[in-house]
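Following UniProt numbering from start to finish, the sequence shown increments by one per residue and tops out at 168.
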Amino acid sequence: MTLNERAAKLHALATRLYVRDLTLLAGRLLMSFIFLHEGVTLATHFDGAAKAMAAQGVGLPLFVATIALQLGAGLSVATGVLTRLGAIGLGLFCLATATLFHTNFASQSELLNFEKDLAIAGGMFVLAVAGAGRISLDWLLARTLRQRQRDRETVALLLAVENQFSQR
Numbered sequence: 001m002t003l004n005e006r007a008a009k010l011h012a013l014a015t016r017l018y019v020r021d022l023t024l025l026a027g028r029l030l031m032s033f034i035f036l037h038e039g040v041t042l043a044t045h046f047d048g049a050a051k052a053m054a055a056q057g058v059g060l061p062l063f064v065a066t067i068a069l070q071l072g073a074g075l076s077v078a079t080g081v082l083t084r085l086g087a088i089g090l091g092l093f094c095l096a097t098a099t100l101f102h103t104n105f106a107s108q109s110e111l112l113n114f115e116k117d118l119a120i121a122g123g124m125f126v127l128a129v130a131g132a133g134r135i136s137l138d139w140l141l142a143r144t145l146r147q148r149q150r151d152r153e154t155v156a157l158l159l160a161v162e163n164q165f166s167q168r
């Protein structure tokens with residue numbers, strides 16, 4: 001068996017086992033976990049977190065919006081509902097966080113947080129392009145809508161045929 005034949009067999013196996021979709025699911029869950037965890041932590045320790053954010057110059061409305069974004073977009077990415085929109089929102093959030101709060105590059109910790117935020121933003125933008133994959137509520141919804149459209153077209157066709165016969 002040649003190398004090309006082996007590669008073709010591996011590709012066919014990966015396609016049949018939905019390796020791409022499983023990988024997208026794992027990536028979505030891993031990337032969303034940090035936002036869900038942080039959103040829940042901020043919400044459960046609201047008063048203390050609000051005071052700490054106020055000390056950083058973040059007002060209460062922006063703090064509440066941050067929690068809502070982390071939880072809403074985090075769930076969006078994890079479940080695969082409006083994944084692209086959630087990923088773009090979280091990617092932009094990470095870019096903003098990096099440039100607004102982690103620019104003291106003299107501190108190794110701040111530099112590391114800056115780089116992590118950039119890496120997470122990059123992953124979110126890749127997810128926005130790739131989409132959620134088949135193991136997602138987006139895909140299930142799209143499949144259901146396609147099936148409904150086919151059903152409507154079938155009913156319309158049957159009604160048209162019935163009308164042709166009834167006019168004769």
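We put the beta carbon where it would ideally sit given N, CA and C, even for glycine.
None of these values were measured; they are calculated from a predicted model.
- Using alpha carbons as the reference points, say which of Leu24, Gly122, Leu25 and Ala65 lies closest to leucine 42. Checking every option, the nearest Cα to that of leucine 42 belongs to Ala65.
- Query: Should the segment 130-146 be regarded as contacting the segment 20-33, the criterion being three or more beta carbon pairs within less than 8 Å?
  - Reply: Output reads yes: the segment 20-33 touches the segment 130-146.
- Query: Alpha carbon to alpha carbon, how far is glycine 57 from phenylalanine 63?
  - Reply: Spanning the two alpha carbons is a distance of roughly 10 Å.
- Query: Helix or strand or just coil, what does DSSP make of asparagine 104?
  - Reply: Asparagine 104 sits in coil when the DSSP states are folded into three classes, being neither helix nor strand.
- Task: On a CA-only basis, which of Ala49, Ser166 and Ala73 is nearest leucine 29? Give me that one, please.
- Result: With distances taken between Cα atoms, leucine 29 lies closest to Ala73.
- Residues near alanine 121 in its chain [Cβ-Cβ closer than 6 Å; skip 5 each side]: Gly91, Cys94 and Leu95, listed in sequence order.
- Query: Does the separation of the CB atoms of valine 77 and glycine 89 fall below 7 Å?
  - Reply: For valine 77 and glycine 89, no; Cβs fall outside 7 Å.
- Query: Does DSSP put alanine 132 in a helix, in a strand, or in coil?
  - Reply: Here alanine 132 sits in coil by DSSP.
- Task: Would you check if the distance between the CB atom of glutamine 70 and the CB atom of phenylalanine 101 is smaller than 7 Å?
- Result: For glutamine 70 and phenylalanine 101, no; Cβs fall outside 7 Å.
- Message: Using 7 Å as the threshold, is the C-beta distance between phenylalanine 114 and alanine 128 below it?
- Response: Not closer than 7 Å, so no.
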